[in-house]
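Novice:
In my numbering, the protein residues as written are 625 to 1002.
(1) How far does the beta strand (DSSP E) with residue 845 in it extend, from its first residue to its last?
(2) Out of 786, 834, 917 and 947, which one is the CA nearest neighbour of residue 929?
(3) What do you get for residue 970, buried or exposed, if any count of 16 or more other CB atoms within 10 angstroms of its CB means buried?
(4) Decide yes or no for the touch test of the stretch 727-739 against the stretch 766-775: beta carbon pairs closer than 8 Å, at least 3 of them.
(5) With a 10 Å radius around its C-beta and 16 neighbouring C-beta atoms as the bar for buried, classify residue 911 as buried or exposed.
(6) By how many angstroms is the C-alpha of residue 816 removed from the C-alpha of residue 806?
(7) Excluding the five sequence neighbours on either side, which residues of its own chain have a C-beta within less than 8 Å of the C-beta of residue 802, listed in chain order?
(8) Quick check on DSSP: helix, strand or coil for residue 899?
(9) If you draw a straight line from the C-alpha of residue 869 to the C-alpha of residue 906, how long is it?
(10) What span of residues does the beta strand (DSSP E) with residue 855 cover, start to end?
(11) Just verifying my parser: in three-state terms, what is the DSSP assignment at residue 763?
(12) Can you tell me the Cα-Cα spacing of residue 864 and residue 685, whole angstroms?
(13) Sorted by chain position, which residues of the same chain lie with C-beta nearer than 6 Å to residue 887's C-beta, five sequence neighbours on each side aside?
(14) Is the stretch 975-986 touching the stretch 945-964, taking contact as three or more C-beta pairs under 8 Å?
(15) What residues match up with residue 729 in a beta bridge as DSSP calls it?
(16) Work out the CA separation of residue 754 and residue 762 for me, nearest whole Å.
(17) For residue 709, which three-state DSSP category applies?
(18) Checking 8 Å against the spacing of the C-beta atoms, do residue 756 and residue 793 come in under that value?
Put into structure tokens, the structure is as follows:
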């Protein structure tokens, strides 16, 4: 019994002795937990501070805003051809995608028929007016109707008419003349339109053959009436030479030609590899560089050749220089007529000026060669 109590007492003592240790352990654990929470809080604050966006200066913000505005301004919307429905929508989109494809019928025959019909109507009205004047003039009491418009109107009012026969006829003639003149003026303007070039016409025919946009065969026959087709494309100064340059560009690898001679908007117009759009401005720039190089050669090469010949100082060299002058003048005239659309008087003036420049060089070189020759002979 006492042993049990002792054990119990000992257990109690043990428990009592263990309590301070447990308290210290709990205090240590609590301290560690508190420290860990503090450390966690500090690390969380550090992470929060590290996650804060970096400060941007005013100049950087303005530059970024300007860049965004510039991108928005330069952004363009291009509707590709494949987004249009097959038929007239696709045909209209294709022909409006490039000015060289704007080829339509002029209906010259119908214009002529309408003009001839109006012409005959006016002829008939003209005869009627002439007969009316002769009839009234032959009657003494009606003669004043021909010589005075007011008397003609008064005579019509006496008969209960608002207008005289002559006034009604002249009103009809006036309407017909206005229509006739308008059609004549429009026909003249229409005749000023250019015919499509062989290259543009071939491109349109090829697209029609491959795509066949129209369902009814008769509706697509207009493209085969070549003699009645006109183009809305404005003729450029070097239209023929530009066409030859474009044909040469087509023979280049497609990656090169698309990168050098097409704009980003033109690349987005279609995903068809057989349809290529070229920038007219870039083609003209290339043509300008080529023509500048040709003119430079035509100016420098004869001068150098004549200088070499006239520096010899003999009679044959002078005749050879004149021959070079004639040959290069002909070459210059041919280049002007082939590479440009110069008029006849412009071609004559340019050739004369070019020849005069070469003559001045010949005379100067000849004088220099003679003086040098005389100096060496003395």
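Just so it is clear, CB atoms sit at the ideal spot from N, CA and C, and this is done for glycine as well.
Given the structure is predicted, the values throughout are model-derived calculations rather than measurements.
Specialist: In short:
(1) Residue numbering aside, residue 845 sits at position 221 when the chain shown is read from its first letter. Here residue 845 belongs to no beta strand (DSSP E), and DSSP marks it neither H nor E.
(2) Taking the first residue of the chain shown as 1, we reach residue 929 at position 305. The candidate whose alpha carbon is nearest that of residue 929 is 947.
(3) For the purposes of this step, residue 970 is taken as residue 346 along the chain shown, with counting starting at 1. The residue is exposed, with fewer than 16 neighbouring Cβ atoms inside 10 Å.
(4) no
(5) Indexing the chain shown from 1 puts residue 911 at position 287. Buried, since its Cβ has 16 or more Cβ neighbours within 10 Å.
(6) Your numbering for residue 806 matches position 182 in the chain shown. Your numbering for residue 816 matches position 192 in the chain shown. If I take the Cα positions, the gap works out to 16 Å.
(7) As a first step, residue 802 is located in the chain shown; it is residue number 178 there, counting from the start. Once the five neighbours on either side are set aside, residue 802 has no close Cβ partner at all.
(8) Translated into the one-based positions of the chain shown, residue 899 becomes position 275. The answer is coil: DSSP assigns residue 899 none of H, G, I, E or B.
(9) Within the chain shown, numbered from 1, the residue matching residue 869 stands at position 245. Within the chain shown, numbered from 1, the residue matching residue 906 stands at position 282. So the two alpha carbons sit approximately 11 Å from each other.
(10) The sequence position of residue 855 within the chain shown is 231, counting from 1. Element bounds for residue 855: 853-855.
(11) For the purposes of this step, residue 763 is taken as the residue at position 139 of the chain shown. Looking at residue 763 - three-state DSSP - the assignment turns out to be coil, as it is neither helix nor strand.
(12) If you number the chain shown from 1, residue 864 lands on position 240. If you number the chain shown from 1, residue 685 lands on position 61. Their backbone Cα atoms lie some 52 Å apart in a straight line.
(13) Sequence index remark: in the chain shown, residue 887 carries index 263 (1-based). Cβ neighbours of residue 887 beyond the five flanking positions: 903.
(14) yes
(15) The residue labelled residue 729 in the question sits at position 105 within the chain shown. Residue 729 pairs with 853.
(16) Here residue 762 refers to the residue found at position 138 of the chain shown. Here residue 754 refers to the residue found at position 130 of the chain shown. Going from the Cα of residue 762 to the Cα of residue 754 covers about 12 Å.
(17) Along the chain shown, one-based indexing puts residue 709 at 85. Residue 709: coil per DSSP, three-state reduction.
(18) Here residue 756 refers to the residue found at position 132 when the chain shown is read from its first residue. Here residue 793 refers to the residue found at position 169 when the chain shown is read from its first residue. Contact flag set, yes.
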